[in-house]
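Novice: This structure is in structure tokens; I'll ask about it shortly.
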Amino acid sequence: MDVSTTRLGKIYQSEKNIHEAIRLHRKARLADDQSTEVLFGLAQNLDAAHQSDEAVGILKEMITLDETNLTALMRLREIYMRLSRWEDAHFIGEKILKLPLSDENREREQTAFLGIKFEKGMISLKQNQIEPARRSFKSAIKMNKNFLPAYIGLGETYVKASRMESALTLFEKGYDMTKNLILLHRLEALCLEMGQPDRILQAYQKALAKDPRHIALKFYLGKLYYRLEMIDEAFDLLSEIEGQVEYFPDLHKILGNLYFRRGDYFLAAERFRKGLALKTVVIVPYYCPLCDYHSLIWSGRCARCSQWGSYEAIPLMIQKGQKRLGGSPPAGLTKIAISVSPSESSEDAHLIVSSPPRAAAKSGELF
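Under the numbering used here, the first residue of the sequence shown is numbered 1008, with each subsequent residue one higher.
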């Protein structure tokens, strides 16, 4: 191997002179076409120069020389993921997980592999390939029964296949497994669409019976009561929450509407003022607790930190004597928007002061 040429190539690479680094690594490769150091350096430079296809070819050469080359496998998978070549990324991910890895590396690789399975399933679903999509999502759930995106994807697959009962059962059992409120929101949307409000009411009530101090659960059940015109039930439950929080814009605004409907205009106005008390709060349905990213649209992968399955649906509130829950408000926004579950319709539009979002098997069978 031409050591001096290789080192010079690394220097140019570190100085971001990518094209000169590529030239020197190509020259070094002529001297030794089986040097993993030269090949990997060339692949890195080609990738940095947006010559992804050639970089892929070089990495494949390295893997042919040594199928256990973890560095080459991981770099190849990263390129495939960036190019949304999920089938190829899945193939490489399988190879990586067959290698002897440390516990930390294995956990990280399994998480990445779950995300790849989800993305692979979503591509199949968009192409109306129902069975491949179902297999991908089921496989992800089998690997990790707490992986939320796979439940969402599998539920959407059932809905697309008109297997509504399977979707409902999946969301119910998925919530029992993960305790993620997003699955109750999906269940709510589907139950109301199918004219089965009793089923979602029972699901919320069952969840609350198991965790009676869960304020977000109480709020979402109270909001559902309000949507279903169960005014007394909504008022009783939401009033109970009000005594436990110092600031909860969504709650204050719904209570304001309930007081208004009861003809108590003074208390209604007081609740509306509470809801509008802070100037720099925007409340959106989803946030990532890992990086505090807020989004109006659910995604299997956070748009900021790229973690799969990190979105949560806990509304922003300040409990008495506690720090704010539900993440910090996005900077630079000055209006308040009520947080709505994906099932929310425009019927409550009079409650909303809008704000622009940040960039952001057989019926009854569970799987």
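Note that the Cβ used here is the ideal one computed from N, Cα and C, for glycine as well.
Is it true that the CB of A1055 sits closer than 7 angstroms to the CB of M1069?
Specialist: No, they are not a contact pair.
Novice: Should the region 1208 to 1226 be called in touch with the region 1189 to 1196, which here means at least 3 C-beta pairs below 8 angstroms?
Specialist: The region 1208 to 1226 vs the region 1189 to 1196: in contact.
Novice: Where in the region 1205 to 1273 do unbroken runs of the beta strand (DSSP E), each at least 3 residues long, occur, reported from the N-terminal end onward?
Specialist: Listed in chain order, they are 1252 to 1254.
Novice: Looking at the strands, I want to know which residues DSSP matches up with W1093.
Specialist: In the DSSP output, where bridge partners are listed per residue, W1093 has none listed.
Novice: Identify, in the order they occur along the chain, each residue of the same chain with its Cβ nearer than 8 angstroms to the Cβ of I1248, setting aside the five sequence neighbours on each side.
Specialist: The answer, listed in chain order, is I1222, K1225, F1226, G1229, F1255 and L1258.
Novice: Could you tell me the distance, in whole angstroms, from the CA atom of E1044 to the CA atom of N1076?
Specialist: Going from the Cα of E1044 to the Cα of N1076 covers about 12 angstroms.
Novice: Along the beta strand (DSSP E) that carries Y1294, what are the first and last residues, could you check?
Specialist: Its beta strand (DSSP E) spans residues Y1293 to C1295.
Novice: In the DSSP assignment, what are the bridge partners of W1315?
Specialist: Looking at the DSSP assignment, W1315 forms a beta bridge with R1308.
Novice: Could you compute how far the alpha carbon of D1299 sits from the alpha carbon of S1091?
Specialist: Going from the Cα of D1299 to the Cα of S1091 covers about 25 angstroms.
Novice: With DSSP as the reference, label H1026 as helix, strand or coil.
Specialist: H1026: helix per DSSP, three-state reduction.
Novice: In whole angstroms, what is the alpha-carbon distance linking M1184 and L1177?
Specialist: Taking the straight line joining both Cα atoms gives about 10 angstroms.
Novice: Which residue's Cα is closest to the Cα of A1147: L1108, I1137, A1119 and Q1134?
Specialist: When only C-alpha atoms are compared, the closest one is A1119.
Novice: Exposed or buried, which one is E1200 when buried takes at least 16 other CB atoms within 10 Å?
Specialist: When all chains shown are included, E1200 counts as exposed.
Novice: Using the Cβ count rule (16 or more neighbours within 10 Å means buried), how would you classify Q1051?
Specialist: Its Cβ being crowded by 16 or more others within 10 Å, Q1051 is buried.
Novice: Let me make sure I understand the geometry here. Which of D1110, E1111, D1073 and I1130 has the alpha-carbon closest to that of K1102?
Specialist: Of the listed residues, the one whose Cα sits closest to K1102 is D1073.
Novice: Using C-beta distances below 8 angstroms, list every residue in its chain close to N1135, excluding the 5 sequence neighbours before and after it, in chain order.
Specialist: Answer for N1135: K1167, listed in chain order.
Novice: According to DSSP, which residues form a beta bridge with V1302?
Specialist: Here residue 1302 is Ser; the residue named in the question, Val, does not match the sequence. In DSSP, S1302 forms a bridge with Y1293.
Novice: Just verifying my parser: in three-state terms, what is the DSSP assignment at N1112?
Specialist: In the structure shown, N1112 sits in a helix (DSSP, three-state: H, G or I).
Novice: Within the continuous alpha helix (DSSP H) that includes S1059, where are the two ends?
Specialist: Taken as a continuous stretch (DSSP letters only), the alpha helix (DSSP H) holding S1059 covers S1059 to L1072.
Novice: Out of L1104, F1125, K1124 and L1083, point me to the one whose CA is closest to E1116's CA.
Specialist: The shortest C-alpha separation from E1116 is found at L1104.
Novice: Quick check: what's the CA-CA separation for Y1408 versus A1216?
Specialist: There is simply no residue 1408 to check, as the chain begins at 1008 and stops at 1374 in what is shown.
Novice: Let's test the definition: count the other Cβ atoms within 10 Å of the Cβ of E1319 and tell me whether it reaches 16, buried, or not, exposed.
Specialist: Buried, since its Cβ has 16 or more Cβ neighbours within 10 Å.
Novice: Return the residue from the list D1060, D1039, E1085 and F1144 that minimises the CA-CA distance to G1307.
Specialist: Among D1060, D1039, E1085 and F1144, the Cα nearest to that of G1307 belongs to F1144.
Novice: Pull up the distance between the alpha-carbon of A1276 and that of I1261, whole angstroms please.
Specialist: Rounded to whole angstroms, A1276 to I1261 spans 11 angstroms at the Cα level.
Novice: In this structure, how does DSSP classify D1183 when only helix, strand and coil are distinguished?
Specialist: Residue state, collapsed to three classes: helix.
Novice: Taking Cβ to Cβ, would you say I1099 is nearer than 7 angstroms to R1084?
Specialist: Result yes, Cβ atoms of I1099 and R1084 sit closer than 7 angstroms.
Novice: What residue range is occupied by the uninterrupted alpha helix (DSSP H) comprising L1283?
Specialist: Note, L1283: premise wrong, no alpha helix (DSSP H); not H, not E.
Novice: In whole angstroms, what is the alpha-carbon distance linking I1029 and F1047?
Specialist: Rounded to whole angstroms, I1029 to F1047 spans 11 angstroms at the Cα level.
Novice: Helix, strand or coil, according to DSSP, for F1178 in the structure here?
Specialist: Here F1178 sits in helix by DSSP.
Novice: For D1218 and D1060, what's the separation of their Cα atoms in angstroms?
Specialist: The straight-line gap from Cα to Cα measures roughly 52 angstroms.
Novice: Taking all protein chains shown into account, do 16 or more other C-beta atoms lie within 10 angstroms of the C-beta of L1265, making it buried, or fewer, making it exposed?
Specialist: So L1265 counts as buried.
Novice: Please return the same chain residues whose Cβ sits closer than 8 angstroms to the Cβ of M1150, not counting the five positions on each side in sequence.
Specialist: Here the set comprises Q1117, F1120, L1121 and K1124.
Novice: Does the Cβ-Cβ distance between L1188 and G1181 come in under 7 angstroms?
Specialist: No, Cβ-Cβ distance for L1188 and G1181 is not below 7 angstroms.
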